[in-house]
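**Student:**
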Amino acid sequence: GVDLCRIGYKGVLCSSCEDDYYYDSYSVACLKCSDGFRAAAGALVVGVIVVVGGGVFAYNYKDITTYFEERKERLFMQMNQGTMVMVTWQIVSGLGQAHSFRGGNS
Numbered sequence: 005g006v007d008l009c010r011i012g013y014k015g016v017l018c019s020s021c022e023d024d025y026y027y028d029s030y031s032v033a034c035l036k037c038s039d040g041f042r043a044a045a046g047a048l049v050v051g052v053i054v055v056v057g058g059g060v061f062a063y064n065y066k067d068i069t070t071y072f073e074e075r076k077e078r079l080f081m082q083m084n085q086g087t088m089v090m091v092t093w094q095i096v097s098g099l100g101q102a103h104s105f106r107g108g109n110s
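So the sequence shown is numbered by the working numbering: it starts at 5 and just counts up by one.
(1) DSSP puts residue 25 in a beta bridge; with which residues?
(2) Would you identify the three-state DSSP class for residue 30, choosing helix, strand or coil?
(3) If we call anything under 9 angstroms between Cβ atoms a contact, is residue 26 one with residue 18?
(4) Using C-beta distances below 8 angstroms, list every residue in its chain close to residue 101, excluding the 5 sequence neighbours before and after it, in chain order.
(5) Note down the Cα distance separating residue 48 from residue 58, rounded to an integer number of angstroms.
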């Protein structure tokens with residue numbers, strides 16, 4: 005018969021994925037499987053970055069803790085100010101969305 009399914013689909017009413025395809029529930033589609041090398045390479049790069057970053061941090065731990073101890077009060081003040089800015093932004097954003105939801109101009 006004539007193949008009426010899109011590429012990657014098979015079966016009755018094209019309801020199944022072909023071999024070397026998988027169903028992705030986020031995109032609601034049958035997607036082609038990757039060769040696995042890209043995923044392994046990405047994981048390897050992330051792993052190397054984590055190991056190198058951890059090594060640099062461990063090597064400089066004493067200097068890092070001294071730096072933060074000397075600036076602790078200023079850092080806490082900046083963190084509190086950043087929190088206030090984020091909360092204010094969330095409130096303003098929420099009010100803007102409520103205004104749009106009720107039919108106002110945006």
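No residue lacks a Cβ here, since even glycine has one placed at the ideal position from N, Cα and C. Given the structure is predicted, the values throughout are model-derived calculations rather than measurements.
**Tutor:** According to the structure data:
(1) Looking up residue 25 in the sequence shown gives position 21. According to DSSP, residue 25 bridges with 36.
(2) Translated into the one-based positions of the sequence shown, residue 30 becomes position 26. Coil.
(3) Along the sequence shown, one-based indexing puts residue 26 at 22. Along the sequence shown, one-based indexing puts residue 18 at 14. Result no, Cβ atoms of residue 26 and residue 18 do not sit closer than 9 angstroms.
(4) One-based indexing of the sequence shown puts residue 101 at position 97. Once the five neighbours on either side are set aside, residue 101 has no close Cβ partner at all.
(5) Here residue 48 refers to the residue found at position 44 when the sequence shown is read from its first residue. Here residue 58 refers to the residue found at position 54 when the sequence shown is read from its first residue. One C-alpha to the other measures close to 15 angstroms.
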